[in-house]
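*Asks:*
Number of protein chains: 4
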Amino acid sequence: MPPRVTARPPRNQPRQSRSRATFELILDAAVRIFEREGADAATTSRVAEVAGVSVGTLYQYFANRDAILDALQDREFERATQMMQRVLSVAGPASEREVARSVVVELLRLYRAAPALHRILALEGLRVTPPERVLAFDLRVVGIIKNFLLLEPARIRPKQLDTAAFVIYQSVRATMLAYLLESPAGVDDAVLVSELTELIVSYLVER
Amino acid sequence: MPPRVTARPPRNQPRQSRSRATFELILDAAVRIFEREGADAATTSRVAEVAGVSVGTLYQYFANRDAILDALQDREFERATQMMQRVLSVAGPASEREVARSVVVELLRLYRAAPALHRILALEGLRVTPPERVLAFDLRVVGIIKNFLLLEPARIRPKQLDTAAFVIYQSVRATMLAYLLESPAGVDDAVLVSELTELIVSYLVER
Amino acid sequence: MPPRVTARPPRNQPRQSRSRATFELILDAAVRIFEREGADAATTSRVAEVAGVSVGTLYQYFANRDAILDALQDREFERATQMMQRVLSVAGPASEREVARSVVVELLRLYRAAPALHRILALEGLRVTPPERVLAFDLRVVGIIKNFLLLEPARIRPKQLDTAAFVIYQSVRATMLAYLLESPAGVDDAVLVSELTELIVSYLVER
Amino acid sequence: MPPRVTARPPRNQPRQSRSRATFELILDAAVRIFEREGADAATTSRVAEVAGVSVGTLYQYFANRDAILDALQDREFERATQMMQRVLSVAGPASEREVARSVVVELLRLYRAAPALHRILALEGLRVTPPERVLAFDLRVVGIIKNFLLLEPARIRPKQLDTAAFVIYQSVRATMLAYLLESPAGVDDAVLVSELTELIVSYLVER
DNA sequence: AATGAATGAGAATTCATTCAT
DNA sequence: AATGAATGAATTCTCATTCAT
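Chains as they are written, first to last, in this note's numbering: chain A, 128 to 334; chain B, 128 to 334; chain C, 128 to 334; chain D, 128 to 334.
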């Protein structure tokens, strides 16, 4: 059995494969409910039911309800970081605009897989995830952006890269989420991607 | 007695002064709780208690719990719109950058008064407020931004002003709220204001 | 102002015409709500509203909610008694069957005017009306039936007329109520009236 | 766990013995409260309390308050049907009067166990129980009466047996309940039984 | 380890009744 | 007398969590 996940760490993820599988099963069940039945439907019993385990078992893996959200936050952090690393490392000789566009496209893919989840994480994440972990994630994002931009430092506008990364991350995330959740008239994927790309490039890169 | 506010219309705001006062008292209580105790603490009983009225009275003014959030949404819509109108009308011969900066500054003032509330509104607003009212607000914001930018149409970059307004509104709002709620290291009001101003100008105005 | 009606007597009805009118207005409002909106809708506020007076005024006439039901019980008792007296006194040289039929017809008219009310009276009447008043009504009914039957005592079957009157009153009332509320298939007014007439005659009159 | 009883179907009764016991425990508690404290006292909390379980458990067995009444209706339907079947099947070479008397006696026994409950069922039953189930019961009663009377069809008076069954069932039921709940002077069990027997026989059987 | 019945605190909401105006 | 805003006890129902099996 993996160590029980408390909202505040005991940090390590479960390692044994059987446990790990159940752990992921529960997270996936929660996500499925968020997306299909709404946040209110995600009671612990319902999550257990959809995961195909008993409530008792659920509580073997998660100290309490919030711990599920916390683990989901973590998983999304992880996915986003890996995605960025992958995209940026592959970049090669591409222009900033092309790289930025790729990140936007991949992030949209990530969010579209579970927009309701991401709304809930935005809404509840801060309450549920210890600030130091949010910070840790932020730092990784900043680091990755830095890494990318510093390749040609001459062309980067902002003095405070940390702040800029913060601004651009919040902007892209919120716009994407609002787009997925509100379906504003006259915006489609193509428009969104190009506008967000423009937002990033025009803000980050020296004109 | 003002007409009870339902989540879906009965639209008109209360008019008599005593009633109006109680109405606002309840809204203010809700905001205070959001800020100090978190969204979950804002039970109808607690709101009534903090407002210094009985639950019964609260329900005389609001059809249900969500109607409170709905009324808050409305109030903030109103405040934001008035602020923008004020700032932009006063603008006179200022540069785009100066006007943008003023809007950012004023919006920061508005949000700082109740950041938790604004995060809830940003993420829950759609659930409680009828989409047509959210849309009406969006259109007003877009209209105001348009009005401003069209003064010198040659210099505006985006083709689709509606989309641009959507993107920039979401971006500024989310960044500001994240700043207020997460207090990221190395960012202060001055930095935030200038970065957001830069974000707006570099995105909206032809380079 | 008429003396306030308590669930337990202060017995006398209001006498002044204005008061009396308001009193009846409130009773009628209650009945209208029972019939059109169901028993649950008959809150004191709604009754006052439909009656066109304020709750405060309602409480000037009725000590509490139950007092309204009590007064309605009384009014129906009165109407039923008067109806029976009228029908039986007019009887003249009619056969028992004809008289019984008339009573059934008139009672059906009375119940049909407010079936929901009569259901509620059957359900709540005993709780709300002091037993001595229920008894008093019963005695009047028995008296009337006696009066009628004693004209030709030879033909009456039962030894205990009180018991018989009780049995027949309960039977007719319940059947009529069930008919009006359940609309059982295959029964219409004509069938009901003739079957109830048959029930009365075959039970009461010596074969 | 037995399937939760909804006012509208999930029809099947609980089967496992422990569950079944709890289920019955709750029903019995409700009955006890109806009889001793009145219908209004039968709040879900009070029922749970008297049953010696928590409210939560009560709601594990009953979808809502009305479902309790619905289940009681069902149980009484069952008991009444079984009783009639038993009595009528045993009948043998008895006269109609003797059979009718037996039914009355047994019904009185049934009702005396819980007269308040039976009044509530008589008057509220339709509200909580789906009409098709009420109908199903009615049909069984009619069938049983038919069965009995058709032994010697020549002697049955009514043309419409369904209507007659409806009339006689309502009459006997109401009279019996009024007797149990109002204890009218001068009536005792013996008198009641013989009068109701007379009512049945004189109404149903050709004179 | 897994199960799921039982728990009970706590939430939203209603409505009879009062009383200051 | 009449008004109707305010009160708050009481009700239904939910759901995170526990623990005996």
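Glycine is no exception: its CB is placed at the ideal position from the N, C-alpha and C atoms.
Alpha helix (DSSP H) containing D/V230: first to last residue?
*Replies:* Unbroken alpha helix (DSSP H) run through D/V230: 223 to 239.
*Asks:* Using a beta-carbon distance below 8 Å, is A/A301 in contact with chain B?
*Replies:* Taking Cβ atoms only, chain B reaches closer than 8 Å to A/A301, which makes this a yes.
*Asks:* Exposed or buried, which one is D/L316 when buried takes at least 16 other CB atoms within 10 Å?
*Replies:* Position check: residue 316 of chain D holds Asp in this sequence, whereas Leu was assumed. The residue in question, D/D316, is exposed, as its Cβ has fewer than 16 Cβ neighbours within 10 Å.
*Asks:* So C/P311 contacts chain D; which residues on that side make the cut at Cβ distance below 7 Å?
*Replies:* Correct list: F293.
*Asks:* Where does D/V328 sit, in a helix, a strand or coil, going by DSSP?
*Replies:* Of the three classes helix, strand and coil, the one that applies to D/V328 here is helix, per DSSP.
*Asks:* Between the Cα of B/L244 and the Cα atoms of B/A198, B/V132, B/V180, which residue gives the shortest distance?
*Replies:* The shortest C-alpha separation from B/L244 is found at B/A198.
*Asks:* Out of B/V255, B/D265, B/Y296, which one is the CA nearest neighbour of B/L326?
*Replies:* It is B/Y296.
*Asks:* Start and end of the alpha helix (DSSP H) containing D/R284?
*Replies:* Run containing D/R284: none; DSSP gives neither H nor E here.
*Asks:* Suppose you measure from the CA of C/D289 to the CA of D/Y186; what does that come to, to the nearest Å?
*Replies:* Approximately 47 Å, taken between the alpha carbons.
*Asks:* Looking at the C-beta of A/S298, does it have a partner C-beta in chain B at a distance below 8 Å?
*Replies:* For A/S298, the answer is yes, since a Cβ of chain B falls inside 8 Å of its Cβ.
*Asks:* For chain D, check one thing: does any of its Cβ atoms lie closer than 8 Å to the Cβ of C/T290?
*Replies:* Yes, C/T290 lies at the interface with chain D (some Cβ there is under 8 Å from its Cβ).
*Asks:* Spell out whether any CB of chain C is found under 8 Å from the CB atom of D/L323.
*Replies:* So, interface residue.
*Asks:* Residues of chain C with CB under 7 Å from D/A88, in chain order?
*Replies:* An answer regarding residue 88 of chain D cannot be provided, because it is not within the stretch 128 to 334 covered by chain D.
*Asks:* Sorted by chain position, which residues of the same chain lie with C-beta nearer than 8 Å to D/V158's C-beta, five sequence neighbours on each side aside?
*Replies:* Excluding positions up to five away in sequence, the list reads L199, A241, L244.
*Asks:* Consult DSSP for B/V217 and reduce its assignment to one of helix, strand or coil.
*Replies:* Helix, per DSSP.
*Asks:* Examine chain A for any beta-carbon lying closer than 8 Å to the beta-carbon of B/R147, and answer yes or no.
*Replies:* Judged by the 8 Å Cβ criterion, B/R147 is not in contact with chain A.
*Asks:* Which of the three DSSP states, helix, strand or coil, is assigned to C/V180?
*Replies:* Reduced to three states, the DSSP call for C/V180 is coil.
*Asks:* Among the candidates B/E164, B/E176, B/L250, whose CA atom is the shortest distance from the CA of B/L152?
*Replies:* Of B/E164, B/E176, B/L250, the residue nearest in Cα terms is B/E176.
*Asks:* Leaving aside the five residues before and after A/R135 along the sequence, list all residues of the same chain whose C-beta is less than 8 Å from its C-beta, in chain order.
*Replies:* For A/R135, the pLDDT reaches just 44, beneath the cut-off of 50, and the residue's location in the model is therefore unreliable, although a value from the coordinates is still provided. Within the same chain, A/R135 has close Cβ partners P257.
*Asks:* When you compare only the Cα positions, how much space is there between C/R300 and C/E225?
*Replies:* Roughly 19 Å between the two C-alpha positions.
*Asks:* Who are the near neighbours of D/N274 in its chain, counting only those whose CB is closer than 8 Å to its CB and skipping five residues on each side?
*Replies:* The residues are L215.
*Asks:* Skipping 5 residues on each side, what residues in its chain have a beta carbon closer than 7 Å to that of D/A156?
*Replies:* If we look at D/A156 and ignore the five residues flanking it on each side, its Cβ neighbours are V174, V177, A178.
*Asks:* A/Y68 versus chain B: which residues are under 8 Å apart at the beta carbon?
*Replies:* There is no way to answer for residue 68 of chain A, as the model of chain A reaches only from 128 to 334.
*Asks:* Can you give the beta carbon distance from A/V255 to A/D193, rounded, assuming they're within the 8 Å contact cut?
*Replies:* Indeed, because the Cβ distance is near 5 Å, the residues count as touching under 8 Å.
*Asks:* Taking the continuous alpha helix (DSSP H) assigned at C/V157, which residues delimit it?
*Replies:* According to the sequence displayed, residue 157 of chain C carries Ala and not Val. Its alpha helix (DSSP H) spans residues 144 to 164.
*Asks:* Are A/R239 and A/T324 touching if we call contact CB-CB under 8 Å?
*Replies:* Result no, Cβ atoms of A/R239 and A/T324 do not sit closer than 8 Å.
*Asks:* Does the beta-carbon of D/R246 have 16 or more other beta-carbons within 10 angstroms, so that it is buried, or is it exposed?
*Replies:* D/R246 should be labelled buried.
*Asks:* With D/L331 and D/A291 assumed to form a contact (beta carbons below 8 Å), what rounded beta-carbon distance in angstroms separates them?
*Replies:* Yes, D/L331 and D/A291 are in contact; Cβ-Cβ is about 6 Å, under 8 Å.
*Asks:* Check whether the Cβ of C/V231 lies closer than 8 Å to any Cβ atom in chain D.
*Replies:* Chain D contact via Cβ: absent.
*Asks:* For A/G252, report the span of its alpha helix (DSSP H) as first-last.
*Replies:* Note, A/G252: alpha helix (DSSP H), 242 to 255.
*Asks:* Let me confirm a value: C/L319 is counted as buried when at least 16 other C-beta atoms fall within 10 Å, else exposed. Which label applies?
*Replies:* Classification of C/L319: buried, given that the 10 Å Cβ count is 16 or more.
*Asks:* Are the C-beta atoms of D/Q200 and some chain C residue less than 8 Å apart?
*Replies:* Not an interface residue.
*Asks:* Counting only Cβ pairs nearer than 7 Å, list the residues of chain D close to C/R254.
*Replies:* The answer, in chain order, is G165.
*Asks:* Rounded to the nearest angstrom, what separates B/E115 and A/F264 at their Cα positions?
*Replies:* The structure shown does not extend to residue 115 of chain B, since chain B is modelled only from 128 to 334, so the question has no answer here.
*Asks:* If we require 3 or more residues per run, which beta strand (DSSP E) segments fall completely within the region 293 to 321 of chain B?
*Replies:* List check, beta strand (DSSP E) in window: nothing returned.
*Asks:* Closest by CA to A/E322, which one among A/E333, A/S298, A/E309?
*Replies:* It is A/S298 whose Cα lies nearest to the Cα of A/E322.
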